[in-house]
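J.:
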Amino acid sequence: MCGIAGFVAPPCERVDRRVLERMVATLRHRGPDALGYHLEGRVGLGVARLRVMDPATGDQPIANEDGSVHVILNGEIYNFLALRHDLAARGHRFRTRSDTEVLVHAWEEYGEHCVDSLNGMFAFALWDRRREQLLLARDRMGEKPLYYTQAGGWFVFGSELRAVLAHPAVSRELDLEGVSRYLAFDYVPDPHSIVRDIRKLPPAHSLTASDGKILVQNYWEIPFRPDPAIDEATWCHEIASRFDEAVRLRLRSDVPLGCFLSGGVDSTAVVATAARECAGIRTFSVGFREAAYDERSFARIVAERFATQHEELVVSAGDARVLLPQLGGLLDEPLADMSFVPLYLLSRAARRSVTVALTGDGGDELFAGYPAMAADWWHGEFARLPQGAWQALRAVTERLPFVPEPLREFIHALKYGPEARNQALIGGLPLERHTALLSREAREALEGFDPYADIDSVLAGCTTNDPASRLIYRYCKLYLAGQNLANADRASMAVGLELRAPFVDHTFVEFMGRIPSALKLRGFSRLKRLLKRALVDRLPPEILRRGKQGFGVPFGAWFRGPLADALRQVLAPDRIRAGGIFDPAAVQQLVAQHVGFRRDHRKT
Numbered sequence: 006m007c008g009i010a011g012f013v014a015p016p017c018e019r020v021d022r023r024v025l026e027r028m029v030a031t032l033r034h035r036g037p038d039a040l041g042y043h044l045e046g047r048v049g050l051g052v053a054r055l056r057v058m059d060p061a062t063g064d065q066p067i068a069n070e071d072g073s074v075h076v077i078l079n080g081e082i083y084n085f086l087a088l089r090h091d092l093a094a095r096g097h098r099f100r101t102r103s104d105t106e107v108l109v110h111a112w113e114e115y116g117e118h119c120v121d122s123l124n125g126m127f128a129f130a131l132w133d134r135r136r137e138q139l140l141l142a143r144d145r146m147g148e149k150p151l152y153y154t155q156a157g158g159w160f161v162f163g164s165e166l167r168a169v170l171a172h173p174a175v176s177r178e179l180d181l182e183g184v185s186r187y188l189a190f191d192y193v194p195d196p197h198s199i200v201r202d203i204r205k206l207p208p209a210h211s212l213t214a215s216d217g218k219i220l221v222q223n224y225w226e227i228p229f230r231p232d233p234a235i236d237e238a239t240w241c242h243e244i245a246s247r248f249d250e251a252v253r254l255r256l257r258s259d260v261p262l263g264c265f266l267s268g269g270v271d272s273t274a275v276v277a278t279a280a281r282e283c284a285g286i287r288t289f290s291v292g293f294r295e296a297a298y299d300e301r302s303f304a305r306i307v308a309e310r311f312a313t314q315h316e317e318l319v320v321s322a323g324d325a326r327v328l329l330p331q332l333g334g335l336l337d338e339p340l341a342d343m344s345f346v347p348l349y350l351l352s353r354a355a356r357r358s359v360t361v362a363l364t365g366d367g368g369d370e371l372f373a374g375y376p377a378m379a380a381d382w383w384h385g386e387f388a389r390l391p392q393g394a395w396q397a398l399r400a401v402t403e404r405l406p407f408v409p410e411p412l413r414e415f416i417h418a419l420k421y422g423p424e425a426r427n428q429a430l431i432g433g434l435p436l437e438r439h440t441a442l443l444s445r446e447a448r449e450a451l452e453g454f455d456p457y458a459d460i461d462s463v464l465a466g467c468t469t470n471d472p473a474s475r476l477i478y479r480y481c482k483l484y485l486a487g488q489n490l491a492n493a494d495r496a497s498m499a500v501g502l503e504l505r506a507p508f509v510d511h512t513f514v515e516f517m518g519r520i521p522s523a524l525k526l527r528g529f530s531r532l533k534r535l536l537k538r539a540l541v542d543r544l545p546p547e548i549l550r551r552g553k554q555g556f557g558v559p560f561g562a563w564f565r566g567p568l569a570d571a572l573r574q575v576l577a578p579d580r581i582r583a584g585g586i587f588d589p590a591a592v593q594q595l596v597a598q599h600v601g602f603r604r605d606h607r608k609t
């Protein structure tokens, strides 16, 4: 795992090594073990390396035999041993045991199609001197980030926004459309960013830069080819077998390794499978003093069942108070998932004993485990009511302070189309509500802009018309990649910890696309029934029986109590007014409603 950065200069432009060094320095938290640079002609490649595979000889950049191809990699290529064997048989010579080295030889052998053979989480940059071509590529599900821009004839890229902004040719101008997207989604979805003209390379895409031109291409899509002829028992057997292989691949490491354990089905599935291969594996859990948010009792059941070396961390409002002022430095792009705080603190604690940790990310998306997915069906039924009926229902829920916020959001979202409706359930503010928070100038600048158009753009790539499958596709492409995996990457890499997610192994995702959606989505009370049945012989009964809890954080209560003053200080009218984006009065109304227990704005 690493942080990568680089550039291609305009013709006749002088390349300054110090600029590349400054860019890489912003990523040192991602790779604290070694720095590496390659400059030739108009090209600069830099890397801050976290040594995980082949610590002794795998430093980057890595070149081919004659030095005409150089590569820098953030991430891991899990099937590199098989690729290495195949490429060696074709005459390629290897000098290291690193997974990174297979990339230069795969490029020589297959060109742009080299990404097709990769199983891993990765974002890499490869320069071919003979072709005078730069290739960027990002993994299929979006575990590893990659930003890029064209500015003043320069092409600049980096693992994080801060690395791109460290180049003097790049503008820091805020993108108001990015702000609107953030408010609508709780994050800025790919390929956009919060900075004007800086883009994210989307998952499963490659980019080639040559002669001042760039070409972005999609090299993979989530397939849906359901096979109704196969019975459920056979599917369950195959789920267990393929999941085992995904976990085994992610246990390859030359450094200490463990698992994050929440006590939910997904992380328990990972621990149960990993414990078969690694006796006494380390597990790490986070909890809270607030009982409604604390899952440690379930995590202990799992740890005892599989005899793991278990560690717990309790996060308090005091911990959050200390960390909140640092969030701007840890997150260079806004992300409204407050689970970042406990995830960062857990990563920091785990990093003392391991360098790699496996997680259960992706299980909810693939197995339709979110209640909002089931709620989408109910929305469709309610939407058939006469318009006056649901408008009256909405008016009533808006006026009653004791209505649970999830129910209020459910009713409020009835007025939208199906895509915006479901988005309102899982996060973000509906368009009319977040527009009301903006300053007059910002509202005028955004007149006519619809952030939900991004959903239609994403769904254009979906290969099925089945509603449940399209919902799964959308969650994978937007919520998983844009929020959950981004959150995991930023929180863990801030302390140099590598997270690996077996559920998002692309071969497992492809396999899941063959299972009919009717077996995955069966209402609120049967979430992830298929996964539970597939692993029934290895999951503790207490885990099988428990309902969906999710990784909640008690910030709503904290902002009404020990963090209320911090909230008022951060959102003070003078600070809001100085930013010029939001309306101070509207923001103060939100704060007063929440702190005064009149409304629950913890997601706002």
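Converting from the sequence shown to this note's numbering requires adding 5 to each position, the first position being numbered 1. Cβ coordinates follow ideal geometry from the N, Cα and C atoms, glycine included. Remember, predicted model here, so these are calculated numbers, not experimental data.
#1: What is the C-beta distance between A458 and C241, in whole angstroms, given that I count them as a contact (C-beta under 8 Å)?
#2: Count the other CB atoms, across all protein chains shown, that sit within 10 Å of the CB of H118; report buried if there are 16 or more and exposed otherwise.
#3: With DSSP as the reference, label V29 as helix, strand or coil.
#4: Ordered along the chain, which non-local residues of its own chain (more than five positions away) have a Cβ less than 6 Å from that of M146?
#5: Shortest alpha-carbon distance to L348 belongs to which of R22, V558, G49?
#6: What are the uninterrupted segments assigned as beta strand (DSSP E) that are 3 or more residues long and contained completely in the stretch 109 to 180, given in chain order?
#7: Can you give me the start and stop residues for the alpha helix (DSSP H) that K537 sits inside?
#8: Would you mind stating whether S211 and L166 have Cβ atoms separated by less than 8 Å?
#9: To test your reading of the DSSP string, which unbroken alpha helix (DSSP H) runs of 4 or more residues are found completely within the stretch 443 to 510?
#10: What's the C-alpha gap between G561 and Q598?
#11: Just reading off the beta strand (DSSP E) that G36 is part of, what are its end residues?
#12: Give the single residue among P589, A39, A591, K553 whose Cα lies nearest to the Cα of F303.
#13: If you draw a straight line from the alpha carbon of L451 to that of S444, how long is it in whole angstroms?
#14: Would V275 pass as a contact of L363 if the rule is Cβ separation under 8 Å?
#15: Under 8 Å by Cβ, that's how I've got L256 and A284 pegged, so tell me the actual separation to the nearest angstrom.
#16: Alpha carbon to alpha carbon, what distance is there between E18 and A496?
#17: Excluding five sequence neighbours on each side, which residues of the same chain lie with their C-beta closer than 6 Å to the C-beta of M498?
#18: Check whether the stretch 174 to 188 and the stretch 107 to 127 touch, using three or more Cβ-Cβ pairs below 8 Å as the test.
#19: Counting Cβ pairs, one atom from each stretch, are 3 or more of them under 8 Å apart for the stretch 331 to 341 and the stretch 233 to 248?
#20: Would L568 pass as a contact of A341 if the rule is Cβ separation under 8 Å?
#21: From P545 to L55, what distance separates their C-alpha atoms?
#22: Can you list the beta strand (DSSP E) stretches of 3 or more residues lying completely in the stretch 44 to 108, in chain order?
#23: Are the Cβ atoms of N470 and D366 separated by less than 8 Å?
#24: What does DSSP give as the partner residue(s) for S358 in the beta ladder?
#25: If we call anything under 8 Å between Cβ atoms a contact, is L131 one with L108?
#26: Quick one: Cα of L32 to Cα of N79, how far?
#27: Out of G11, G268, R102, L170, which has the shortest C-alpha to C-alpha gap to G48?
#28: Strictly by DSSP, which residues pair up with G8?
#29: On the premise that V320 lies in contact with F345, defined as a C-beta separation below 8 Å, what is that separation, rounded to the nearest angstrom?
#30: In this structure, what does DSSP give as the bridge partners for L318?
#31: Around the C-beta of S185, are 16 or more other C-beta atoms found within 10 angstroms, so that it is buried, or is it exposed?
#32: P228 and E515 look like a contact to me (Cβ under 8 Å); what is the Cβ gap, rounded to whole Å?
#33: Are the stretch 261 to 274 and the stretch 300 to 318 touching, with three or more C-beta to C-beta distances below 8 Å?
#34: What residue does the alpha helix (DSSP H) around I244 start on, and which one ends it?
#35: Please state if the CB of L262 and the CB of L368 are separated by a distance shorter than 8 Å.
#36: Cα-Cα, which of T402, R310, L442 is closest to A189?
T.: So, from the data block:
#1: The residue given as residue 458 occupies position 453 in the sequence shown. The residue given as residue 241 occupies position 236 in the sequence shown. No, A458 and C241 are not in contact; Cβ-Cβ is about 39 Å, not under 8 Å.
#2: Taking the sequence shown and counting its residues from 1, one reaches residue 118 at position 113. H118 is exposed by the Cβ-count criterion.
#3: One-based indexing of the sequence shown puts residue 29 at position 24. Here V29 sits in helix by DSSP.
#4: On the sequence shown, position 141 is the one that residue 146 refers to. Excluding residues within five positions, the ones whose Cβ falls inside 6 Å are P208, V509.
#5: Along the sequence shown, read from residue 1 onward, the residue named residue 348 stands at position 343. When only C-alpha atoms are compared, the closest one is V558.
#6: 125 to 133, 138 to 143, 152 to 156, 159 to 163
#7: Within the sequence shown, numbered from 1, the residue matching residue 537 stands at position 532. Segment 534 to 539, the alpha helix (DSSP H) holding K537.
#8: Position 206 of the sequence shown holds residue 211. Position 161 of the sequence shown holds residue 166. No, the pair does not count as a contact, with Cβ atoms beyond the cut-off.
#9: 445 to 450, 458 to 464, 472 to 479, 490 to 498
#10: Along the sequence shown, read from residue 1 onward, the residue named residue 561 stands at position 556. Along the sequence shown, read from residue 1 onward, the residue named residue 598 stands at position 593. The straight-line gap from Cα to Cα measures roughly 12 Å.
#11: Your numbering for residue 36 matches position 31 in the sequence shown. No beta strand (DSSP E) holds G36; DSSP gives it neither H nor E.
#12: Stepping through the sequence shown from its first residue, residue 303 is reached at position 298. Among P589, A39, A591, K553, the Cα nearest to that of F303 belongs to K553.
#13: To locate residue 451, count along the sequence shown from 1; it is residue 446. To locate residue 444, count along the sequence shown from 1; it is residue 439. For L451 and S444, the distance between alpha carbons rounds to 11 Å.
#14: Position 270 of the sequence shown, counting from 1, holds the residue named residue 275. Position 358 of the sequence shown, counting from 1, holds the residue named residue 363. A contact, by the Cβ cut-off of 8 Å.
#15: Here residue 256 refers to the residue found at position 251 of the sequence shown. Here residue 284 refers to the residue found at position 279 of the sequence shown. So it is not a contact: roughly 12 Å between Cβ atoms.
#16: Within the sequence shown, residue 496 is the residue found at index 491, counting from 1. Within the sequence shown, residue 18 is the residue found at index 13, counting from 1. Rounded to whole angstroms, A496 to E18 spans 37 Å at the Cα level.
#17: On the sequence shown, position 493 is the one that residue 498 refers to. R35.
#18: no
#19: no
#20: Here residue 568 is taken as the residue at index 563 of the sequence shown, counted from 1. Here residue 341 is taken as the residue at index 336 of the sequence shown, counted from 1. No.
#21: If you number the sequence shown from 1, residue 545 lands on position 540. If you number the sequence shown from 1, residue 55 lands on position 50. The alpha-carbon atoms of P545 and L55 are separated by roughly 35 Å.
#22: 48 to 54, 74 to 82
#23: Taking the sequence shown and counting its residues from 1, the one referred to as residue 470 is at position 465. Taking the sequence shown and counting its residues from 1, the one referred to as residue 366 is at position 361. No, the pair does not count as a contact, with Cβ atoms beyond the cut-off.
#24: In the sequence shown, the residue the question calls residue 358 occupies position 353. BP columns for S358 are empty, so no partner.
#25: Against the sequence shown, residue 131 aligns to sequence position 126. Against the sequence shown, residue 108 aligns to sequence position 103. Going by C-beta atoms, L131 is nearer than 8 Å to L108.
#26: Here residue 32 is taken as the residue at index 27 of the sequence shown, counted from 1. Here residue 79 is taken as the residue at index 74 of the sequence shown, counted from 1. Near 11 Å, if we compare the C-alpha coordinates of N79 and L32.
#27: Here the question's residue 48 lines up with position 43 in the sequence shown. In the sequence on display, residue 48 carries Val and not Gly. Ranking G11, G268, R102, L170 by Cα distance to V48 puts G11 first.
#28: What you label residue 8 is simply residue 3 of the sequence shown in a count that begins at 1. Its beta-bridge partners are A53.
#29: Here residue 345 corresponds to residue number 340 of the sequence shown, with the count starting at 1. Here residue 320 corresponds to residue number 315 of the sequence shown, with the count starting at 1. Their Cβ separation, rounded to whole angstroms, is 12 Å, which puts F345 and V320 out of contact at 8 Å.
#30: Here residue 318 corresponds to residue number 313 of the sequence shown, with the count starting at 1. Note: L318 sits in a beta bridge opposite V291.
#31: Taking the first residue of the sequence shown as 1, we reach residue 185 at position 180. The residue is buried, with at least 16 neighbouring Cβ atoms inside 10 Å.
#32: If you number the sequence shown from 1, residue 228 lands on position 223. If you number the sequence shown from 1, residue 515 lands on position 510. Right, the Cβ-Cβ distance comes to about 6 Å (below 8 Å), so this counts as a contact.
#33: yes
#34: Locating residue 244 in the sequence shown gives position 239, where the first residue counts as 1. From DSSP, the alpha helix (DSSP H) with I244 extends over 237 to 254.
#35: Numbered from its first residue, the sequence shown carries residue 368 at position 363. Numbered from its first residue, the sequence shown carries residue 262 at position 257. Reading the sequence as shown, one finds Gly at residue 368 and not Leu. Not in contact: G368 and L262 (Cβ atoms no closer than 8 Å).
#36: Sequence index remark: in the sequence shown, residue 189 carries index 184 (1-based). That would be L442, whose Cα lies nearest to the Cα of A189.
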